[in-house]
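Here's the structure, in structure tokens; my notes come after.
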Amino acid sequence: MAKRGVEETDALSGALKAGERPMPDAPPNEMGEFEDEFEDEFESEDEIFEAGVDGRPDAEREEEERDAMDVDKQTFIPGRTKLAPGETLSPDPSTYDMLHTLTTPWPCLSFDIVRDNLGDNRKTYPATVYAVAGTQADRPRSKENQLMVLKLSGLSRMERERGEESDAESDSDDDSPSEPILESKSIVLNSTTNRIRAHQTPHSSNDPTKAPQTLTASMLENSQILIHDVSPYLASFDNPGLVIPPSASKPLSTLRIINQRATL
Numbered sequence: 001m002a003k004r005g006v007e008e009t010d011a012l013s014g015a016l017k018a019g020e021r022p023m024p025d026a027p028p029n030e031m032g033e034f035e036d037e038f039e040d041e042f043e044s045e046d047e048i049f050e051a052g053v054d055g056r057p058d059a060e061r062e063e064e065e066r067d068a069m070d071v072d073k074q075t076f077i078p079g080r081t082k083l084a085p086g087e088t089l090s091p092d093p094s095t096y097d098m099l100h101t102l103t104t105p106w107p108c109l110s111f112d113i114v115r116d117n118l119g120d121n122r123k124t125y126p127a128t129v130y131a132v133a134g135t136q137a138d139r140p141r142s143k144e145n146q147l148m149v150l151k152l153s154g155l156s157r158m159e160r161e162r163g164e165e166s167d168a169e170s171d172s173d174d175d176s177p178s179e180p181i182l183e184s185k186s187i188v189l190n191s192t193t194n195r196i197r198a199h200q201t202p203h204s205s206n207d208p209t210k211a212p213q214t215l216t217a218s219m220l221e222n223s224q225i226l227i228h229d230v231s232p233y234l235a236s237f238d239n240p241g242l243v244i245p246p247s248a249s250k251p252l253s254t255l256r257i258i259n260q261r262a263t264l
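The opening residue of the sequence shown carries number 1 in full-length UniProt numbering; numbering runs sequentially from there.
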């Protein structure tokens, strides 16, 4: 181990006794006390980026927009398009004027809209819709199948930003959202409904105030087609207290399909 010289030890001791410690000289490539402490905050000309309106470079934002557009180019086809692990389907609210979720006791393979007397080509909200549907219960519980007669009212349009609506639309529509209402009546069926269609007879010329007769044809899984008159069920929605006779649940006619394929 090297030992310090006597002169070096005396010099350090003298400096410490005076209350000061000698400082080494700054190297020639350093500025010492005249160094600019803010020098690192300035970027060189090669590091200057052009930022867009959101503070990000325009090139970065444009690349993200191109990637987002590529996602929506392909249409999802059930049974043909496959989802990657972790992917889920969700509706895009911006593509709908009106979107509501309806839950029934059992899934429905088929439904049909019933014509009403509220006017054609309606564009005002909230909307009202009458419909019929047939259920698909599990095979052990096929006796729980139903022909459902529905009235959906208070259906509001999707809430959009002010900039997306024209002045004419904003003036004609009710801006205050309403609570959707579902009313339903049912007729018991003994099999799954594969397809259902509704038909209305024209108004009688003798009594224009009388509601038209509404018939439904239900093609069942047991090779039967049942014809029902659902006019009393539709009338009960708009006439509280109206009693539906028990005979209304019985089909007007029953057709059997034998070695033939019928279409509705």
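We put the CB at the ideal spot given by N, CA and C, even for glycine.
Whole-number beta carbon distance between Gln-146 and Ile-113, since they are thought to touch under 8 Å: Taking the sequence shown and counting its residues from 1, one reaches residue 113 at position 113. Taking the sequence shown and counting its residues from 1, one reaches residue 146 at position 146. About 18 Å; that fails the 8 Å criterion.
Assuming Ile-227 and Leu-189 make a contact with CB atoms under 8 Å, what is their CB distance in whole Å? Mapped onto the sequence shown, residue 227 falls at position 227. Mapped onto the sequence shown, residue 189 falls at position 189. Wrong, their Cβ atoms sit about 13 Å apart, outside the cutoff.
For the 8 Å Cβ check, are there 3 or more pairs between the region 112-132 and the region 73-91? Between the region 112-132 and the region 73-91, the count of C-beta pairs closer than 8 Å stays below three; the two stretches do not touch.
Leu-234 and Leu-182 - do their beta-carbons sit closer together than 8 Å? Position 182 of the sequence shown, counted from the first residue, corresponds to residue 182. Position 234 of the sequence shown, counted from the first residue, corresponds to residue 234. No, Cβ-Cβ distance for Leu-182 and Leu-234 is not below 8 Å.
CA-to-CA distance, Ser-184 to Asp-97, given in whole angstroms: Numbered from its first residue, the sequence shown carries residue 97 at position 97. Numbered from its first residue, the sequence shown carries residue 184 at position 184. Taking the straight line from one Cα to the other gives about 24 Å.
Beta-bridge partners of Ala-127, as assigned by DSSP: The residue labelled residue 127 in the question sits at position 127 within the sequence shown. Paired residues: Leu-155.
Less than 8 Å between C-beta atoms, sequence neighbours within five positions excluded: which residues of the same chain meet that for Asp-72? Residue 72 sits at position 72 when you count from the first residue of the sequence shown. Note that Asp-72 scores 49 on pLDDT, short of 50, meaning its location in the model is unreliable; the coordinates nonetheless yield the value given after this. Correct list: empty, nothing qualifies.
Alpha-carbon spacing of Met-148 relative to Thr-88, whole angstroms: Position 148 of the sequence shown holds residue 148. Position 88 of the sequence shown holds residue 88. If I take the Cα positions, the gap works out to 30 Å.
Along the chain, where does the alpha helix (DSSP H) containing Asp-238 start, and where does it finish? Your numbering for residue 238 matches position 238 in the sequence shown. Looking at the DSSP string, the run of the alpha helix (DSSP H) that includes Asp-238 is 231-238.
Closest Cα partner of Arg-141 within the set Thr-192, Ala-248, Tyr-130 and Leu-99: Walking along the sequence shown from the start, residue 141 turns up at place 141. Minimum Cα distance to Arg-141 is reached at Thr-192.
Taking 6 Å as the limit between beta carbons, can you name the residues of its chain near Met-219, skipping five residues before and five after? Walking along the sequence shown from the start, residue 219 turns up at place 219. Answer for Met-219: Asn-194, Arg-195, Ile-225 and Leu-264, listed in chain order.
Where DSSP assigns a beta bridge to Ser-184, which residues make up the other side? By 1-based counting over the sequence shown, the position of residue 184 is 184. Looking at the DSSP assignment, Ser-184 forms a beta bridge with Leu-150.
Measure the C-alpha to C-alpha separation of residue 270 and Pro-105 and round it to an integer number of angstroms. For residue 270 there is no data in the structure shown, the boundaries of the chain being 1 and 264.
Please go through the same chain and pick out, in chain order, the residues whose beta-carbon is closer than 8 Å to the beta-carbon of Cys-108, but skip the five residues on each side of it. The residue labelled residue 108 in the question sits at position 108 within the sequence shown. Taken in chain order, the residues that qualify are Ala-133, Gly-134, Thr-135, Gln-136, Met-148 and Thr-193.
Per DSSP, Phe-111 forms a beta bridge with which residues? Here residue 111 refers to the residue found at position 111 when the sequence shown is read from its first residue. Answer by DSSP bridge pairing, in chain order: Ala-133.
Flag this pair as yes or no: are the beta carbons of His-100 and Pro-212 separated by less than 8 Å? To locate residue 100, count along the sequence shown from 1; it is residue 100. To locate residue 212, count along the sequence shown from 1; it is residue 212. No, these two residues do not count as a Cβ contact at 8 Å.
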